[in-house]
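Student: For the sequence shown, numbering that gives the first Met the number 0 begins at 0 and goes up steadily by one.
Each residue gets a CB set at the ideal place from its N, CA and C atoms; glycine is no exception.
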Amino acid sequence: MTDLRYLQAYPPHLQEQVRQMIASDRLGDYLRQRYPARHEVQNDKALYVYAQELKQAYLRSAPSLDKVLFDNRLDLTHRALGLNTAVSRVQGGKLKAKKEIRIAALFKDAAPQFLRMIVVHELAHLKERDHSKAFYQLCQHMEPDYHQLEFDLRVYLTYRELPGIT
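Written out as structure tokens, the structure is:
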């Protein structure tokens with residue numbers, strides 16, 4: 000039986016569908032059919048602009064972003080696809096918090112929908128710190144297909160870990 004570590008929270012019937020697609024070697028075809036394109040955001044500057052545009056469209060009153068970048072150190076072993084951090088620094092006599100979003104570098108080659116889903120997720124943390132009902136409602140406000148994209152992203156991560164897939 001195939002270990003589906005990214006899909007453990009999903010119902011058994013969905014996990015079984017994914018297992019059947021893996022067994023019949025159809026999972027890659029499914030993903031290529033649903034997500035044929037790759038995004039064009041390939042550097043940190045473009046990622047910053049992309050995140051700023053989404054923030055401006057949906058979260059104007061949220062704290063400003065100081066840095067958005069692809070991070071080679073984020074990996075799936077730490078279960079981090081992206082991080083939203085506030086780095087505190089002393090400037091003069093004041094304590095300033097710089098808001099940063101880091102996206103795992105493996106998403107440079109992902110479908111544009113997956114990049115958007117991850118950026119939306121990290122932007123939502125500017126308003127809602129926890130993964131609460133309000134957090135997921137905000138994610139859906141910014142990306143109506145958020146839940147389907149999250150599931151498909153987890154399927155994509157499962158596919159990437161199959162033997163012989165790079």
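(1) Helix, strand or coil for residue 154 per DSSP?
(2) With distances taken between CB atoms, is the gap from residue 61 to residue 125 smaller than 8 Å?
(3) Do three or more CB pairs link the segment 148-155 to the segment 5-17 at distances below 8 Å?
(4) Taking the alpha-carbon of residue 122 as reference, which of 18, 25, 50 has the nearest alpha-carbon?
(5) Using the DSSP secondary-structure output, state which residues sit across from residue 89 in a beta bridge.
(6) Of the choices 132, 141, 31, whose alpha-carbon is the least far from that of residue 56?
(7) Measuring straight from C-alpha to C-alpha, what distance separates residue 45 and residue 65?
Tutor: Here's the rundown:
(1) The three-state secondary structure of residue 154, taken from DSSP, is helix.
(2) Yes. Within cutoff.
(3) Using a C-beta cut-off of 8 Å, the segment 148-155 makes contact with the segment 5-17, since at least three inter-stretch Cβ pairs fall below that distance.
(4) Its Cα nearest to that of residue 122, the residue 50 stands out among 18, 25, 50.
(5) Paired residues: 94.
(6) Ranking 132, 141, 31 by Cα distance to residue 56 puts 141 first.
(7) So the alpha carbons of these two residues sit roughly 14 Å apart.
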